[in-house]
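Enquirer: Input: one structure, supplied below.
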Amino acid sequence: MLKYLGAFMILLSGLSLGLGRVMEGRRRIGTLRSVLAALELMQGELGANAAPLPELCTALCRRASPPAADFFQNLNASLDRLGEEDFAALWDRAAEKELFALKNGELEEIKALGNIIGRYELDAQLSALRAAAAAIRLCLDRALAEYPGERKLGLMLPTALSALLALALL
Amino acid sequence: MDGFEKAMSLLPPRLRQAVLPFGDRQVEEIRLRIDRRPSLLFAGGETALDTGRTSNEDIRCVLEKATGASLHSAAPALREGYISCMGLRVGVCGRGVIQKGELTGFRDFSSLALRIPRECRGACDGVIHQMYKNGFENTLILSPPGVGKTTALRELIRRLSDEGMRVGVVDERNELAAADGNGAGFDLGACSDVLTGVAKVQGAMMLLRGMNPQLIALDEISSPGDAVALEQICGCGVGLLASAHAAGREELERRPVYRRMLELGIFSRTLTIHSEGGRRSYRTEVLRC
Chain H
1 MLKYLGAFMI LLSGLSLGLG RVMEGRRRIG TLRSVLAALE LMQGELGANA
51 APLPELCTAL CRRASPPAAD FFQNLNASLD RLGEEDFAAL WDRAAEKELF
101 ALKNGELEEI KALGNIIGRY ELDAQLSALR AAAAAIRLCL DRALAEYPGE
151 RKLGLMLPTA LSALLALALL
Chain B
1 MDGFEKAMSL LPPRLRQAVL PFGDRQVEEI RLRIDRRPSL LFAGGETALD
51 TGRTSNEDIR CVLEKATGAS LHSAAPALRE GYISCMGLRV GVCGRGVIQK
101 GELTGFRDFS SLALRIPREC RGACDGVIHQ MYKNGFENTL ILSPPGVGKT
151 TALRELIRRL SDEGMRVGVV DERNELAAAD GNGAGFDLGA CSDVLTGVAK
201 VQGAMMLLRG MNPQLIALDE ISSPGDAVAL EQICGCGVGL LASAHAAGRE
251 ELERRPVYRR MLELGIFSRT LTIHSEGGRR SYRTEVLRC
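Just so you know, the sequences run in chain order H and B.
The opening position of the first sequence corresponds to residue 1 in my numbering, with each subsequent residue numbered one higher.
The opening position of the second sequence corresponds to residue 1 in my numbering, with each subsequent residue numbered one higher.
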């Protein structure tokens, strides 16, 4: 009986490992979509109103979807630390905390904006936002193309391996 | 928060520590120049602080704090060479960014001057009685930069307003009222109505149309556009009180913008401020009878 229970547990853990990988992929796609939409909103707010950052963050908290909305909320809350820490550091910390589902290169694209937003003239900021949005769109397209394969592989490989292991143990 | 505390709040912690001991002295400006020691400007001259040199990060930190990390929203003021924040004026120097032949902003900031506004009640009491014993006359306050034009203008506004005159103030750079968004700032008198952040020509017309002022006050008339504002108001039955950069009437007459104002007889009186050895003196002169 214990043997069957052990085999079942191995099978279950393999399945949950696979599901976890699939969820991670879905979360990454959701984050990329949310960030892309927020970058476009940001371009609109900056281009149309030249909104100061606290105002921009408040607007984006409301209008963006999570997790980008959470990122701007976190950033807005940390703006009172300006003067103690520079803006790029606050931006980086908010990105690392709220946009953790992004892969390294994707997160770096967003973090690089922290050195430009609010620091240069409006045209330079808008062109940096456009470039970041284009890069994130590419990442999103790639993630969407890879997702079906990754889902199959993510689900099947750990499940099959754990099934084999369970059978071997039986 | 007074002007000194506001200026302190913009500084990075290291510089704040260095400036703090001077809080009870009459600091007029805090000056930051890249790769130089920060210094304080007093009426008697400039004193370098005994602290490390000003770094790029120090300058960036002040600018981020002053603009809420939004240099772009301060662009119109930056094009004039300053940033306005909580009633403080932060003068800037750096490398100008020119696009299509026009200055659009700055990069590589090299110097900042944080001017600390002060309220000097009774500063020009002596001349006020002499100036207005027969009623208010259109007055132009003159002095070189940093000698106290804005302080004197603020004091005249407060005195005239407290005496019952409805004063409309066009405070384009928020230096006269120095309001910080919570209503706090300098006392401009009981009967003053303050329009902040609006260009002088536009603001003066708005006050005329909407607030029924008896007197309109404007700080630092310097451009042909400002002179146009004065020409438009003059003759509307409203008094004028303004300030301009000039050491005296002779200097004023040398500049076309002011020469035209003098020819048109817009002002009846000047109040000239002199500073010698840190002491200020006021002299008034009638321009026409």
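Beta carbons: idealized from backbone N, C-alpha and C, even for Gly.
Note that this is a predicted model, so its numbers are computed, not measured.
Tell me the DSSP secondary structure of residue 232 (chain B) in three-state form.
Expert: The residue given as residue 232 (chain B) occupies position 232 in the second sequence. Of the three classes helix, strand and coil, the one that applies to residue 232 (chain B) here is helix, per DSSP.
Enquirer: Closest to residue 176 (chain B) by CA distance: which of B:156, B:13 and B:44 is it?
Expert: Counting from one through the second sequence, the residue named residue 176 (chain B) turns up at place 176. Closest option to residue 176 (chain B), Cα to Cα, is B:156.
Enquirer: Starting from the C-beta of residue 286 (chain B), find all residues in its chain whose C-beta is less than 6 Å away, skip the five residues before and the five after it, and write them out in chain order.
Expert: Within the second sequence, residue 286 (chain B) is the residue found at index 286, counting from 1. Same-chain partners within the cutoff: 269.
Enquirer: Looking at the secondary structure, which residues open and close the beta strand (DSSP E) in which residue 93 (chain B) lies?
Expert: Numbered from 1 along the second sequence, position 93 holds the residue referred to as residue 93 (chain B). Segment 88-99, the beta strand (DSSP E) holding residue 93 (chain B).
Enquirer: Pull up the distance between the alpha-carbon of residue 18 (chain H) and that of residue 60 (chain B), whole angstroms please.
Expert: Looking up residue 18 (chain H) in the first sequence gives position 18. Looking up residue 60 (chain B) in the second sequence gives position 60. Distance between the alpha carbons of residue 18 (chain H) and residue 60 (chain B): 47 Å.
Enquirer: Output, in chain order, the set of chain B residues within a Cβ distance shorter than 7 Å of residue 87 (chain H).
Expert: Within the first sequence, numbered from 1, the residue matching residue 87 (chain H) stands at position 87. 64 and 69, listed in chain order.
Enquirer: List the residues that DSSP assigns as beta-bridge partners of residue 280 (chain B).
Expert: Mapped onto the second sequence, residue 280 (chain B) falls at position 280. B:275, per the DSSP bridge assignment.
Enquirer: If we define contact as Cβ-Cβ less than 8 Å, is residue 147 (chain H) a contact residue for chain B?
Expert: For the purposes of this step, residue 147 (chain H) is taken as the residue at position 147 of the first sequence. It does not: the Cβ of residue 147 (chain H) has no partner Cβ on chain B nearer than 8 Å.
Enquirer: State the Cα-Cα distance for the pair residue 66 (chain H) and residue 86 (chain H), rounded to the nearest angstrom.
Expert: For this step, residue 66 (chain H) is matched to residue 66 along the first sequence. For this step, residue 86 (chain H) is matched to residue 86 along the first sequence. One C-alpha to the other measures close to 25 Å.
Enquirer: I'd like to know whether the C-beta of residue 191 (chain B) is nearer than 8 Å to at least one C-beta of chain H.
Expert: Looking up residue 191 (chain B) in the second sequence gives position 191. Not one chain H Cβ lies under 8 Å of residue 191 (chain B).
Enquirer: Among B:237, B:130, B:74 and B:30, which one has its Cα closest to the Cα of residue 47 (chain B)?
Expert: Taking the second sequence and counting its residues from 1, the one referred to as residue 47 (chain B) is at position 47. When only C-alpha atoms are compared, the closest one is B:30.
Enquirer: Apart from the five residues just before and just after residue 136 (chain B), which ones in its own chain have a Cβ nearer than 6 Å to its Cβ?
Expert: Residue numbering aside, residue 136 (chain B) sits at position 136 when the second sequence is read from its first letter. 239.
Enquirer: With residue 25 (chain H) and residue 150 (chain H) assumed to form a contact (beta carbons below 8 Å), what rounded beta-carbon distance in angstroms separates them?
Expert: Start at 1 with the first residue of the first sequence, and residue 25 (chain H) comes out as number 25. Start at 1 with the first residue of the first sequence, and residue 150 (chain H) comes out as number 150. So it is a contact: roughly 5 Å between Cβ atoms.
Enquirer: Determine the chain B residues that contact residue 130 (chain H) at a beta-carbon separation under 9 Å, and present them in chain order.
Expert: Taking the first sequence and counting its residues from 1, one reaches residue 130 (chain H) at position 130. Those within 9 Å of residue 130 (chain H) in chain B number zero; the least Cβ separation is about 15 Å.
Enquirer: Since residue 112 (chain B) and residue 147 (chain B) should fall inside the 8 Å C-beta cutoff, what is the C-beta to C-beta distance between them, to a whole number of angstroms?
Expert: Numbered from its first residue, the second sequence carries residue 112 (chain B) at position 112. Numbered from its first residue, the second sequence carries residue 147 (chain B) at position 147. So it is not a contact: roughly 21 Å between Cβ atoms.
Enquirer: Write down every uninterrupted run of the beta strand (DSSP E) in the stretch 6-70 of chain B whose length is 3 residues or greater and which is fully enclosed by it, in chain order.
Expert: 29-33, 39-42 and 45-48
Enquirer: Please state whether DSSP places residue 154 (chain H) in a helix, a strand or coil.
Expert: Here residue 154 (chain H) refers to the residue found at position 154 of the first sequence. Residue 154 (chain H) falls in the helix class under three-state DSSP.
Enquirer: Give me, in chain order, the residues of the same chain whose beta-carbon lies closer than 8 Å to that of residue 236 (chain B); leave out the 5 immediate sequence neighbours on both sides.
Expert: Counting from 1 along the second sequence, the entry for residue 236 (chain B) is found at position 236. Cβ within range, chain order: 208.
Enquirer: Identify the continuous beta strand (DSSP E) that holds residue 83 (chain B) and give its terminal residues.
Expert: Counting from one through the second sequence, the residue named residue 83 (chain B) turns up at place 83. Unbroken beta strand (DSSP E) run through residue 83 (chain B): 82-85.
Enquirer: Who are the neighbours of residue 27 (chain H) on chain B, taking C-beta pairs under 7 Å?
Expert: Numbered from its first residue, the first sequence carries residue 27 (chain H) at position 27. The premise fails here: residue 27 (chain H) is roughly 29 Å from chain B at the closest Cβ pair, so nothing lies under 7 Å.
Enquirer: Tell me which residues of the stretch 94-122 of chain B have at least one Cβ-Cβ distance to chain H shorter than 9 Å, keeping chain order.
Expert: 97, 99, 104, 105, 106 and 107
Enquirer: Decide if residue 120 (chain B) is buried, meaning its Cβ has at least 16 other Cβ atoms within 10 Å, or exposed.
Expert: Against the second sequence, residue 120 (chain B) aligns to sequence position 120. So residue 120 (chain B) counts as exposed.
Enquirer: Against chain H, with Cβ distances strictly below 8 Å, would residue 5 (chain B) count as a contact?
Expert: Working through the second sequence from its first residue, we reach residue 5 (chain B) at position 5. No, no contact with chain H.
Enquirer: Taking 8 Å as the threshold (beta carbon to beta carbon), is residue 249 (chain B) in contact with chain H?
Expert: Along the second sequence, read from residue 1 onward, the residue named residue 249 (chain B) stands at position 249. No, residue 249 (chain B) lies away from the interface with chain H (no Cβ there is under 8 Å from its Cβ).
Enquirer: Is the CB of residue 11 (chain H) under 8 Å away from at least one CB in chain B?
Expert: Translated into positions along the first sequence, residue 11 (chain H) becomes position 11. Chain B contact via Cβ: absent.
Enquirer: Assuming contact is defined by CB atoms lying nearer than 8 Å, are residue 63 (chain H) and residue 99 (chain H) in contact in what I supplied?
Expert: Taking the first residue of the first sequence as position 1, residue 63 (chain H) is located at position 63. Taking the first residue of the first sequence as position 1, residue 99 (chain H) is located at position 99. No, Cβ-Cβ distance for residue 63 (chain H) and residue 99 (chain H) is not below 8 Å.
Enquirer: So, helix, strand or coil for residue 198 (chain B), using DSSP?
Expert: Residue 198 (chain B) sits at position 198 when you count from the first residue of the second sequence. Residue 198 (chain B) falls in the coil class under three-state DSSP.
Enquirer: Just list the residues that DSSP pairs residue 239 (chain B) with in beta bridges.
Expert: What you label residue 239 (chain B) is simply residue 239 of the second sequence in a count that begins at 1. In DSSP, residue 239 (chain B) forms a bridge with B:215.
Enquirer: Out of B:217, B:109 and B:210, which has the shortest C-alpha to C-alpha gap to residue 161 (chain B)?
Expert: For the purposes of this step, residue 161 (chain B) is identified with residue 161 of the second sequence, where counting begins at 1. Nearest option by C-alpha distance: B:217.
Enquirer: Could you list which residues in chain H have their beta carbon closer than 9 Å to that of residue 12 (chain B), in chain order?
Expert: Residue 12 (chain B) sits at position 12 when you count from the first residue of the second sequence. Here the neighbours are 83 and 84.
Enquirer: Exposed or buried, what is residue 64 (chain B) when buried is set at 16 or more other beta-carbons lying within 10 Å of its beta-carbon?
Expert: Against the second sequence, residue 64 (chain B) aligns to sequence position 64. Burial call: buried.
Enquirer: Measuring CB atoms only, is the stretch 125-135 of chain B touching the stretch 243-254 of chain B, in the sense that at least three cross pairs come out at less than 8 Å?
Expert: no
Enquirer: Taking DSSP's pairing of strands, which residues face residue 141 (chain B) in a bridge?
Expert: Here the question's residue 141 (chain B) lines up with position 141 in the second sequence. Residue 141 (chain B) pairs with B:243 and B:271.
Enquirer: Starting from the C-beta of residue 68 (chain H), find all residues in its chain whose C-beta is less than 6 Å away, skip the five residues before and the five after it, and write them out in chain order.
Expert: Here residue 68 (chain H) refers to the residue found at position 68 when the first sequence is read from its first residue. Taken in chain order, the residues that qualify are 34, 35 and 38.
Enquirer: Counting only beta-carbon separations shorter than 8 Å, does residue 199 (chain B) have a partner in chain H?
Expert: Locating residue 199 (chain B) in the second sequence gives position 199, counting from the first residue. It does not: the Cβ of residue 199 (chain B) has no partner Cβ on chain H nearer than 8 Å.
Enquirer: Name the one or two DSSP bridge partners that residue 106 (chain B) has.
Expert: Taking the second sequence and counting its residues from 1, the one referred to as residue 106 (chain B) is at position 106. Answer by DSSP bridge pairing, in chain order: B:96.
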